[in-house]
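Peer 1: Got a structure for you, questions after.
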Amino acid sequence: MIRQSMPITAMCAILMHRPRTPIIAGGLFVIDRSWFNHLGKYDTAMDIWGGENFEISFRVWQCGGSLEILPCSRVGHVFRKKHPYVFPEGNANTYIKNTRRTAEVWMDDFSLFYYSARPAARGKSYGDIRGRLELRKKLKCKTFKWYLDNVYPELKVPDDSDSKSGVIKQRQNCLESQRVEGQELPVLTLAPCVGSQGVNAIKQEWVYTHGQQIRQQQHCLSLSTTFPASQVLLLPCNMADGKQRWQKSGTHLEHLVSRFCLDSEMALDGMDSSRMLVISPSLKRRWEGPASSSYVRPPRGSAAFDFSVMSYNILSQELLQDNAYLYRHCDPGILPWNHRLPNLLAEIKQHDADILCLQEVQEDHYENQIKPALLTLGYQCEYKKRTGSKPDGCAIVFKSSRLSLLSSNPIEFLRPGDTLLDRDNVGLVLLLQPHDAASSSGRPTSICVANTHLLYNPRRGDIKLAQLAVLLAEISRFSRPPNGSSSPVVLCGDFNSTPLSPLYRFLTTGRLNYSGLKIGSVSGQENSPRGQRLLPSPIWSHSLGIDHQCQYRNEPAAAASSSSLTEEGASSEPSTPAPETKAEFKRLRIEHNLNLRSTYQHLLPPNGRPEITTHHSRTALTVDYIMYTPDTVTYPNGRGLHLLGRLSLVGQAELEEVNGLPNHHHSSDHLPLLARFRLCR
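Under the UniProt record's numbering, the sequence shown has 254 at position 254, and the numbering climbs by one with no breaks.
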């Protein structure tokens with residue numbers, strides 16, 4: 001700026017107009033007395049002075065007035081050498097309180113830029129602002145965005161993508177700083193969230209700065225060391241200290257140096273209110289393309305429908321409690337349902353799949369909590385509880401904005417009077433139609449989605465195979481009705497069988513020669529299977545009405561397999577293949593013609609370590625799958641399901657680094673599987 005002396009009269013001649021200003025420079029202004037009273041006078045809850053020029057400037061402009069500079073006015077502003085008064089907390093803190101009060105009343109959502117510029121304001125009390133907010137409402141004042149657009153359009157609004165402020169929350173608790181007598185620095189703890197008012201609320205307010213620090217006044221989150229379970233501390237902010245840098249990773253806060261996440265663990269007294277803030281590792285999962293191709297171009301003349309599928313055994317709370325010995329490795333604080341439910345719902349919301357296949361869904365939790373939450377996310381829900389007194393079941397939910405339900409078929413594997421099918425496991429098969437789903441032939445295209453949770457017992461492979469035969473027969477009936485149409489299949493679930501097992505081989509090859517196969521070896525869950533009895537021939541009873549190719553022989557048997565059948569605008573009549581002789585039925589081979597393929601390869605590159613989908617104190621295995629019928633099987637000319645990608649899995653070593661499952665971040669003893677498909681029609 002160049003200063004040049006000139007007579008007042010000459011300056012007035014140059015500045016004949018009255019330039020408008022978005023902010024008055026100080027507290028010296030002229031205003032009509034009655035309008036000053038109408039605007040609410042001064043904000044008397046401000047301390048001493050400092051910042052009132054911002055407050056009254058915003059108020060004048062936003063409430064119908066304007067500010068003009070009068071360059072030829074003759075006034076004086078005399079400063080004393082010494083104030084005849086004192087600032088209670090020092091003039092800097094007084095200024096911060098007053099400007100923060102201004103930001104909270106007048107700047108709306110743009111206040112985050114104030115906190116980004118002045119992070120020390122977080123945690124400073126600014127008094128009761130309800131009266132000023134009521135004044136703003138009474139005067140029908142405009143928004144701060146209007147002020148920026150119309151009064152100060154020259155001001156460039158900075159990018160807010162890396163500037164955040166507010167609370168840091170874990171379930172119902174918030175991160176809070178506390179002063180401890182005899183300690184110079186505040187300590188961190190978790191305390192019940194208290195909202196936006198009061199002294200405790202100030203202790204729970206944090207700002208994420210452009211320098212990637214998490215700050216409250218002059219203190220920032222830092223670490224004692226970068227090892228797992230290191231304590232998180234509040235230290236004086238230092239931009240040169242890399243241990244004070246954090247970034248958001250999904251729903252977590254990740255430390256940039258250690259690559260671990262902000263977490264909490266119970267203190268030695270076992271009280272929830274005295275949790276310590278620590279860093280803990282989280283699983284690194286990424287999207288990966290299939291080995292064959294990462295992109296599939298739809299065939300000429302076809303329409304493509306891309307969709308995602310998630311399969312997740314969410315661990316029934318009653319089963320967790322009944323098998324508590326499996327979870328002795330866990331922090332007791334992460335096992336209650338009120339801890340696990342928010343994590344599970346957050347995971348579902350984060351992945352935002354079009355179709356969810358859930359297992360171990362406890363009925364009371366489903367009706368009262370899970371279903372209402374999924375409805376708010378735009379899902380339509382179908383559920384089948386296990387039979388008898390079992391508390392849980394299977395659910396298939398789908399985005400109603402993308403898919404419509406044609407028919408729903410709940411399946412009970414329990415057959416009264418059948419000595420083999422005497423267990424309470426269930427399945428669920430839906431026929432879904434994508435919106436705008438006309439194929440190139442003009443006929444609607446549907447997707448058959450199935451979900452199940454087979455028997456766990458490693459010694460009863462005969463029961464697992466019989467349950468699977470019922471499920472495959474139902475899928476065939478739904479996906480390939482007698483009218484000649486054919487729907488691609490997505491089969492999800494917890495099959496309680498490993499990728500090297502005969503049961504898995506049967507699913508993926510379509511045949512199983514079980515001559516000499518012991519029932520304890522069918523699922524591959526145990527290295528030394530205890531069941532030494534050979535599989536009988538036939539495995540299931542002829543009276544079940546299902547042949548060795550896992551298809552119904554007649555219509556009445558098909559109808560009897562389902563507990564109920566609901567239809568919405570579609571018909572699925574059972575197919576009726578040629579009758580099978582008892583000699584054919586007793587052959588030591590079973591088959592199916594769905595030609596299923598797994599979305600996962602079950603081995604991790606580059607060394608071929610096994611992928612793991614479930615991990616607790618007794619086991620670390622893959623037992624969960626998303627199977628699908630590829631395009632070469634379902635449709636000619638490349639029309640059908642193409643695998644576009646999947647969410648990668650991890651190995652046992654990675655799971656042990658996060659203390660197995662469940663843990664602070666993952667609230668089931670299973671990992672969710674997620675895949676993306678393209679339906680070409």
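Every residue, glycine too, gets a C-beta built ideally from N, C-alpha and C. The structure displayed is predicted, hence computed values, not measured ones.
1) Using a Cβ-Cβ cutoff of less than 8 Å, which residues in the same chain neighbour Phe677 once the five nearest sequence positions on both sides are dropped?
2) Could you check what DSSP says for Arg80 in three-state terms: helix, strand or coil?
3) Determine, using beta carbons only, whether residue 689 and Ser311 come nearer to each other than 8 Å.
4) DSSP on Trp61, reduced to helix/strand/coil?
5) Looking only at its own chain, which residues have a Cβ that is under 6 Å from the Cβ of Gly127, when we skip the five neighbours before and after it?
6) Taking C-beta to C-beta, are Ile168 and Lys124 nearer than 8 Å?
7) Hey, would you say residue 709 sits closer than 8 Å to His602, going by beta carbons?
8) Counting only the same chain and skipping the five closest in sequence on each side, list residues whose C-beta sits under 8 Å from that of Trp337.
9) May I ask which residues mark the beginning and end of the beta strand (DSSP E) holding Phe36?
10) Looking at the structure shown, is Asp306 part of a helix, part of a strand, or coil, going by DSSP?
11) For His592, name the three-state secondary structure that DSSP assigns.
12) DSSP beta-bridge partners for Gln380?
13) Using C-beta distances below 6 Å, list every residue in its chain close to Gln525, excluding the 5 sequence neighbours before and after it, in chain order.
14) By alpha-carbon positions, which one of Tyr327, Asp669 and Glu474 ends up nearest to Gln551?
15) With 16 other CB atoms within 10 Å as the buried threshold, where does Ser292 fall?
16) Under 8 Å: do the segment 404-423 and the segment 380-395 share three or more Cβ pairs, one atom per stretch?
17) I'd like to check one pair, Lys464 with Leu503: are the Cβ atoms closer than 8 Å?
18) Which residues in the same chain have their Cβ closer than 6 Å to the Cβ of Phe58, if we skip the five residues on either side of it in sequence?
19) Please return the same chain residues whose Cβ sits closer than 6 Å to the Cβ of Phe478, not counting the five positions on each side in sequence.
20) Can you tell me which of the three DSSP states His210 falls into?
21) Please go through the segment 501-542 and give each complete beta strand (DSSP E) segment of 3 or more residues, from N-terminal end onward.
22) Pull up the distance between the alpha-carbon of Leu661 and that of Pro290, whole angstroms please.
23) Taking the continuous beta strand (DSSP E) assigned at Phe677, which residues delimit it?
24) Roughly how far, in whole angstroms, is the beta-carbon of Gln218 from the beta-carbon of Cys237, given that I think they are within contact range, below 8 Å?
25) On the CB-based measure, 16 or more other CB atoms within 10 Å of its CB, does residue 720 come out buried or exposed?
26) Based on DSSP bridge pairs, tell me the residues matched to Ser249.
27) Looking at Trp206 and Ser249, is the spacing between their C-beta atoms short of 8 Å?
28) Report the partner residues of Asn313 according to the DSSP bridge assignment.
29) How big is the Cα-Cα spacing for Glu611 and Leu621?
30) Got a sec, what are the start and stop residues for the alpha helix (DSSP H) Leu468 sits in?
31) Below 8 Å CB to CB, which residues in the same chain sit around Leu420 once its five sequence neighbours on both sides are set aside?
32) Below 8 Å CB to CB, which residues in the same chain sit around Ser66 once its five sequence neighbours on both sides are set aside?
33) What does the Cβ neighbour count give for Asn150, buried or exposed, with the cut at 16 atoms within 10 Å?
Peer 2: Put simply:
1) Position 677 of the sequence shown, counted from the first residue, corresponds to residue 677. The answer, listed in chain order, is Asp306, Phe307, Ser308, Val309, Val490, Tyr628, Leu641, His642, Leu643 and Leu644.
2) Indexing the sequence shown from 1 puts residue 80 at position 80. Coil, per DSSP.
3) Examination of residue 689 is not possible in this model, given that the chain is present from 1 through 681 alone.
4) Here residue 61 is taken as the residue at index 61 of the sequence shown, counted from 1. Helix.
5) Here the question's residue 127 lines up with position 127 in the sequence shown. Closer than 6 Å at Cβ, skipping near neighbours: Ala45.
6) As a working mapping, residue 168 is identified with position 168 in the sequence shown. As a working mapping, residue 124 is identified with position 124 in the sequence shown. No, the Cβ-Cβ distance between Ile168 and Lys124 is not below 8 Å.
7) This structure cannot settle anything about residue 709, because the visible part of the chain is limited to 1 through 681.
8) Here residue 337 corresponds to residue number 337 of the sequence shown, with the count starting at 1. Hits under 8 Å: Gln317 and His365.
9) The residue you call residue 36 lines up with position 36 of the sequence shown. First-last for Phe36: Arg33 to His38, but that is the alpha helix (DSSP H), not the beta strand (DSSP E).
10) One-based indexing of the sequence shown puts residue 306 at position 306. If DSSP states are grouped into helix, strand and coil, Asp306 belongs with the strands.
11) Counting from one through the sequence shown, the residue named residue 592 turns up at place 592. His592 falls in the coil class under three-state DSSP.
12) Counted from its first residue, the sequence shown places residue 380 at position 380. Note: Gln380 sits in a beta bridge opposite Phe398.
13) Your numbering for residue 525 matches position 525 in the sequence shown. For Gln525, where only same-chain residues beyond five positions count, the Cβ hits under 6 Å are Pro458.
14) Start at 1 with the first residue of the sequence shown, and residue 551 comes out as number 551. Closest by alpha carbon: Glu474.
15) As a working note, residue 292 is residue 292 in the sequence shown. Model confidence at Ser292 stands at a pLDDT of 45, short of 50, so the residue's coordinates are unreliable and nothing is read from them.
16) yes
17) By 1-based counting over the sequence shown, the position of residue 503 is 503. By 1-based counting over the sequence shown, the position of residue 464 is 464. A Cβ-Cβ contact shorter than 8 Å links Leu503 with Lys464.
18) Counted from its first residue, the sequence shown places residue 58 at position 58. Trp106, listed in sequence order.
19) For the purposes of this step, residue 478 is identified with residue 478 of the sequence shown, where counting begins at 1. Excluding sequence neighbours, Phe478 sits near Val429, Leu431, Cys448 and Ser572.
20) As a working note, residue 210 is residue 210 in the sequence shown. Coil at His210, not helix or strand.
21) 511-513
22) Reading the sequence shown from its first residue, position 661 is the one you call residue 661. Reading the sequence shown from its first residue, position 290 is the one you call residue 290. Going from the Cα of Leu661 to the Cα of Pro290 covers about 27 Å.
23) Along the sequence shown, read from residue 1 onward, the residue named residue 677 stands at position 677. Unbroken beta strand (DSSP E) run through Phe677: Leu673 to Cys680.
24) Locating residue 218 in the sequence shown gives position 218, where the first residue counts as 1. Locating residue 237 in the sequence shown gives position 237, where the first residue counts as 1. Contact holds; Cβ gap of about 6 Å.
25) Look at the range of the chain in this structure, 1 to 681, and you will see that residue 720 is not part of it.
26) Position 249 of the sequence shown, counting from 1, holds the residue named residue 249. Ser249 pairs with His252.
27) On the sequence shown, residue 249 is found 249 positions in, with the first residue counted as 1. On the sequence shown, residue 206 is found 206 positions in, with the first residue counted as 1. No, the pair does not count as a contact, with Cβ atoms beyond the cut-off.
28) By one-based count along the sequence shown, residue 313 stands at place 313. Answer is Gln359, bridged to Asn313.
29) The residue given as residue 611 occupies position 611 in the sequence shown. The residue given as residue 621 occupies position 621 in the sequence shown. If you draw a straight line from the Cα of Glu611 to the Cα of Leu621, it is about 8 Å long.
30) Within the sequence shown, numbered from 1, the residue matching residue 468 stands at position 468. Looking at the DSSP string, the run of the alpha helix (DSSP H) that includes Leu468 is Gly461 to Ser479.
31) Looking up residue 420 in the sequence shown gives position 420. Spatial neighbours of Leu420 in its own chain (CB-CB distance under 8 Å, excluding positions within 5 residues in sequence) are listed in chain order as Asp462, Ile463, Ala466, Ile539, Trp540 and Ser541.
32) Counting from one through the sequence shown, the residue named residue 66 turns up at place 66. The residues are Arg20 and Val60.
33) Walking along the sequence shown from the start, residue 150 turns up at place 150. Exposure of Asn150 is indicated by the presence of fewer than 16 other C-beta atoms within 10 angstroms of its C-beta.
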